[in-house]
Amino acid sequence: MNVQAQDDESLLVQAAKFIQNTACFKEKTIMVHSLAARLGIPAYKLSLALNTIAKTSFNDFINQYRIAYLKTQLEKEEFLQSYTMEALALQASFASRSGFYKAFKKWRASAPKSTLLLQKLYFKYIIWYLD
């Protein structure tokens, strides 16, 4: 691995840690230049690292965190009873319903509504089984 690739990989690790620690993926207006500024690096370097090492765009990179957040929320029964998928998507800072559905299908390989239905059925089964 060359020096540039090592630098890019280190930069991605730094960005990932920052995103996880600050939950900045929940900001609707997060952009590559704003994240780069917080990391103290030029935006083009972050973008280049995402494109060459992670093989993804900035939006897809951020959406991975949003989908992971939603997944953890869906695993909590109280969230299943209280929120619609659209409300959870807004909570994860997706700007639009269509953007949320597109990202969800890309990372989960299923539509959000079918995932929510399966999750609700799973919890009902677990409750029935434990009674």
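If you use my numbering, the sequence shown closes out at 137, no skipped numbers anywhere. Just so it is clear, CB atoms sit at the ideal spot from N, CA and C, and this is done for glycine as well.
Contact defined as beta carbons within less than 8 angstroms: I believe residue i pairs with residue j. What is the distance between those atoms, to the nearest angstrom?
i: Leu139; j: Lys61; result: Look at the range of the chain in this structure, 7 to 137, and you will see that residue 139 is not part of it.
i: Ala109; j: Ile73; result: 6 angstroms
i: Leu45; j: Ala21; result: 6 angstroms
Leaving out five residues before and five after residue i in sequence, what residues of the same chain have Cβ atoms less than 7 angstroms from its Cβ?
i: Lys32; result: Ala98 and Ser99
i: Pro48; result: Ala42
i: Tyr71; result: Ile25 and Phe31
i: Leu67; result: Residue identity differs from the one stated: residue 67 is Phe in this sequence, not Leu. Taken in chain order, the residues that qualify are Leu56 and Ala60.
Given that a residue counts as buried once 16 or more other Cβ atoms are within 10 Å of its Cβ, and exposed if not, what is residue i?
i: Ala55; result: buried
i: Ser69; result: The residue asked about is misnamed: residue 69 is Asn in this sequence, not Ser. By the neighbour-count rule (16 or more Cβ atoms within 10 Å), Asn69 is buried.
i: Ile25; result: buried
i: Ala93; result: exposed
i: Ala29; result: exposed
i: Ile133; result: Any answer about Ile133 is weak, because its pLDDT of 41 lies below 50 and its placement is not dependable; what the coordinates show is given next. Exposed, by the Cβ-count rule.
i: Leu136; result: Bear in mind that a pLDDT of 43 at Leu136, under 50, signals an unreliable position, so the model cannot answer this.
Near residue i, which residues of its chain fall below 6 angstroms by C-beta distance, leaving aside the five closest residues on each side in sequence?
i: His39; result: Ala49
i: Ser53; result: Val38
What residue range does the alpha helix (DSSP H) around residue i cover?
i: Leu56; result: Where Leu56 is concerned, there is no enclosing alpha helix (DSSP H), given that its DSSP letter is neither H nor E.
i: Ala43; result: Val38 to Leu45
Note down, in chain order, each residue of its chain lying with its Cβ closer than 8 angstroms to the Cβ of residue i, except the 5 sequence neighbours on either side.
i: Arg103; result: Glu92 and Ala95
i: Tyr128; result: Low per-residue confidence applies at Tyr128: pLDDT is 45, beneath 50, and the placement is therefore not dependable, though the value from the model is reported in the following sentence. For Tyr128, where only same-chain residues beyond five positions count, there are no Cβ hits under 8 angstroms.
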